[in-house]
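Just so we're aligned, residue 421 is where the sequence shown starts under the working numbering, counting upward by one. Glycine included, C-beta positions come from ideal geometry on N, C-alpha and C. Notes follow once the structure below has been shown.
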Amino acid sequence: MRIFGRVLGWVLILAAVAVLGADALAALDSGQFAPRPMGQLWFQLDPGSLNLMQAVVQRYLAPSIWDPGIVSVLLLPAFVVLAVPGVLLALLCRPGPERRKPLFY
Numbered sequence: 421m422r423i424f425g426r427v428l429g430w431v432l433i434l435a436a437v438a439v440l441g442a443d444a445l446a447a448l449d450s451g452q453f454a455p456r457p458m459g460q461l462w463f464q465l466d467p468g469s470l471n472l473m474q475a476v477v478q479r480y481l482a483p484s485i486w487d488p489g490i491v492s493v494l495l496l497p498a499f500v501v502l503a504v505p506g507v508l509l510a511l512l513c514r515p516g517p518e519r520r521k522p523l524f525y
């Protein structure tokens with residue numbers, strides 16, 4: 421299970437670097453750095469799933485979870501939202517000192 425967490429962590433880190441790179445290229449074009457919010461990135465990738473997620477959370481869980489909670493995360497820069505759980509997963513799922521194998525026998 422640790423390997424899955426590490427792989428997922430590294431995938432999230434790579435996605436964060438890709439989004440940060442795209443934001444940096446857009447900054448070179450426009451002249452100012454404006455990181456893309458997570459909600460905007462999600463809407464650009466799949467608007468239907470974002471609307472479905474909002475409807476499910478508000479209808480079946482609680483409307484208060486969506487508005488102050490999830491909306492505040494969706495307003496954060498996308499590279500931060502991707503990088504933080506990626507780094508946490510990569511660090512928490514790394515092999516411990518007793519599990520590391522020597523490079524040379």
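Spatially closest choice to residue i from the options, by CA coordinates
| i | options | result |
| --- | --- | --- |
| V437 | G516, G468, V507 | V507 |
| D443 | I485, R426, L470, V500 | V500 |
| L502 | A482, P455, A447, D449 | P455 |
| L470 | Y480, R479, G459 | G459 |
Proximity below 8 Å, CB of residue i to CB of residue j
| i | j | result |
| --- | --- | --- |
| P457 | L495 | yes |
| V439 | L465 | no |
| I490 | V477 | yes |
| I433 | A498 | no |
| G425 | L481 | no |
| P505 | R422 | no |
Please give the ranges of any alpha helix (DSSP H) in the stretch 429 to 511, keeping only runs that are unbroken, at least 4 residues long and fully inside the region. 458 to 465, 467 to 476, 491 to 494
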